[in-house]
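To start, the structure under review is shown below, and the notes come after it.
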Amino acid sequence: MKHNLINSLNETRKAYRLIYAYQRRIVDLTKYISESMKYSPYWWDNEYFNVRSNTHPVNRSAFDFVPFYVGTYMLFLKEGQSANKVKVGEGILDIQIDIDDCFKESKHEPNTLEFEDSENCSAIFYMGAIISQVEEEKNWLQDVYYQLEYPEDKMDEFVIKVDDKYTCLVYSCKLEMLYTKDSVDELIKNFKKEIEKITKNR
Amino acid sequence: MLNAILHSKDRYIGNSQENFRSMYNDIEDFFTAAIFSRFTYLPVSEQSRILTLLTGDKKFLMITELKNREFWPSWYLDIENRRVEPDLFLEYDIINVIVEAKRNDVTLHSAEQLQREIDAYLSEYPSNKKFILLAIGGGCSFQHENIVYIGWKNLFQILYEYGDNNTKWIFKDMIDAFYLHGFYPTKWLESLPYENINLKDSLKTYEGWIR
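Quick mapping for you: the protein sequence lines, in order, are chains Y and W. If you want the working numbering, it's the 1-based position in the first sequence plus 1010. If you want the working numbering, it's the 1-based position in the second sequence plus 457.
Below, the structure written as structure tokens:
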């Protein structure tokens, strides 16, 4: 038993080093995309875990300490844009990167042993934008982002949903498609084109 | 000075709580000098390559000699004796480079300041020789055919990726200066290392431990 544990601790050590290397790259990727699109950091949180809590670790779920596993969304506003006033043509950018699309949410604590074999799962990159067609005294996070219903994303496709106030654009792909700077630049170029189409057709 | 600070040889100044590291970190002149003084120690062929990558201007590929290097040159702007002081002036054989740097990539340049520097340069060097004003840091809406805006991060990424083995210590000092000022290179997924981890067995072992 002790021998197995020593092996597992060694595996965990390797895993942490790998996780750091992975997280370093997805933070860089997200930062590069937002800066290229001229959007500034606004807010971030996680759909499943309390990653932003200041509660003592012993009173929290260990899943709170792996925010970049699944469910973390990072939000950005256009440079110079106010968070508390919605103006025509302004928008919010949403980037989410999930390393494990086999994650199963649970009422209690998710059990990774019950997930599918990791070899059969994928890492997914997701990007969305909400562009406003109206001017309102509203908070982008509470009154727009959390209230809107996003369209269902389709892998490798741009999906657009328009209503009388906002246009939503979403895109998703397997994360390995964005493994070089060139592939990321290509995504940014195409995403910007789609946003231009949206603002022209207003 | 840079290496003394990196190895924590810096001391507190007088009786204050300030030390050289914190001062060094805050002052753009120190940062600019740390990078560009070493940049000019590189062979001209390396300077040429880096400036071409930075600006996209292939004319830099033809430079063969750095004739003059002057930090904070003081140039007359007009007959009212006003002067301007760009951060650096590099006089190559076929092209001149004026460098105006901000502390970071967020601080924007002033259109008026950049125009004044161009006017003062043309007054100081009235010839047809091509020149570029390299505005490093945040951008500016002022567009001029002789101004190239670049971020410190762009310069850092280029130096990080294209360091030459023969001049590696010069590149190392420049990279260290960037780290000291809070810059880190962008890492892409293609360089993610591979680890062979036996996940199932390790998870099962943990299941049997302290439950």
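Glycine is no exception: its CB is placed at the ideal position from the N, C-alpha and C atoms.
- Residue ranges of uninterrupted alpha helix (DSSP H) with 4 or more members, entirely inside the region 615-640 of chain W and ordered along the chain, are 625-637.
- According to DSSP, residue 1084(Y) shares a beta bridge with 1054(Y), 1105(Y).
- When DSSP states are grouped into helix, strand and coil, residue 654(W) belongs to the coil group.
- Distance from the CA atom of residue 1205(Y) to the CA atom of residue 1033(Y), rounded to whole angstroms, is 28 Å.
- Exclusion of the five residues before and after residue 509(W) leaves 515, 517, 518 as the residues of its chain whose Cβ lies within less than 7 Å of its Cβ.
- Membership of residue 1019(Y) in the alpha helix (DSSP H) is indicated by the continuous run 1012-1046.
- Chain W places a beta carbon closer than 9 Å to that of residue 1032(Y), counting this residue as a contact.
- Following the DSSP letters along the chain, one finds residue 1171(Y) inside the beta strand (DSSP E) bounded by residues 1168-1172.
- From the listed residues 604(W), 613(W), 544(W), 559(W), the smallest Cα separation to residue 587(W) is found for 604(W).
- The shortest CA-to-CA distance from residue 535(W) to any of 577(W), 645(W), 542(W), 601(W) is the one to 577(W).
- Interface residue (Cβ-Cβ distance to chain Y less than 9 Å): residue 663(W) is classified as such.
- Listed along chain W are 645, each with a C-beta nearer than 7 Å to that of residue 1191(Y).
- Against chain Y, a Cβ distance below 7 Å from residue 666(W) picks out 1015.
- Look at the beta carbons and you see the region 1036-1049 of chain Y touching the region 636-656 of chain W: at least three pairs across the two are nearer than 8 Å.
- In this structure, 1140(Y) is the residue among 1166(Y), 1140(Y), 1164(Y), 1167(Y) with its C-alpha nearest to the C-alpha of residue 1157(Y).
- Taking one beta carbon from each stretch, the region 1099-1113 of chain Y and the region 1060-1077 of chain Y have fewer than 3 pairs nearer than 8 Å; the two do not touch.
- Inter-segment contact for the region 1103-1114 of chain Y and the region 1081-1095 of chain Y is present: three or more beta-carbon pairs are separated by less than 8 Å.
- Taking residue 617(W) as reference, the option from 608(W), 631(W), 574(W) with the minimal CA-CA separation is 631(W).
- Residue 1122(Y) and residue 1146(Y) have their alpha carbons spaced roughly 44 Å apart.
- The beta-carbon of residue 1063(Y) is placed no less than 9 Å from the nearest beta-carbon of chain W.
- The beta carbon of residue 654(W) falls within 9 Å of a beta carbon belonging to chain Y, placing the residue at that interface.
- Taking 9 Å as the CB threshold, residue 659(W) lines the interface with chain Y.
- Taking 9 Å as the CB threshold, residue 1036(Y) lines the interface with chain W.
- Beta-bridge partners assigned by DSSP to residue 558(W): 593(W).
- Taking residue 1053(Y) as the centre and dropping the five residues before and after it, the same chain places the C-beta of 1085, 1151 closer than 7 Å to its C-beta, in chain order.
- Within the region 494-540 of chain W, the runs of alpha helix (DSSP H) at least 4 residues long that lie entirely inside it are, in chain order, 501-512.
- Any Cβ of chain W closer than 9 Å to the Cβ of residue 1194(Y) would place that residue at the interface, and such an atom is present.
- Distances from the CA of residue 1075(Y) to each of 1093(Y), 1160(Y), 1055(Y) were compared; the closest alpha carbon is that of 1055(Y).
- Residues of chain W whose Cβ lies closer than 7 Å to the Cβ of residue 1128(Y) are, in chain order, 656.
- Less than 9 Å separates the beta-carbon of residue 1184(Y) from that of residue 1135(Y).
- Bounds of any alpha helix (DSSP H) do not take in residue 546(W); it lies within the beta strand (DSSP E) bounded by 545-549.
- In terms of beta-carbon proximity, residue 598(W) stays away from the interface with chain Y, with every pair separated by 9 Å or more.
- For the region 1101-1127 of chain Y, residues whose beta-carbon sits nearer than 7 Å to a beta-carbon of chain W comprise 1122, 1123.
- Relative to residue 585(W), the option among 553(W), 600(W), 597(W) whose CA is nearest is 553(W).
- Annotation for residue 637(W): no residue places its beta carbon closer than 6 Å to its own, counting only its chain and skipping 5 residues before and after.
- Contact of residue 505(W) with chain Y is not assigned, every C-beta pair being separated by 9 Å or more.
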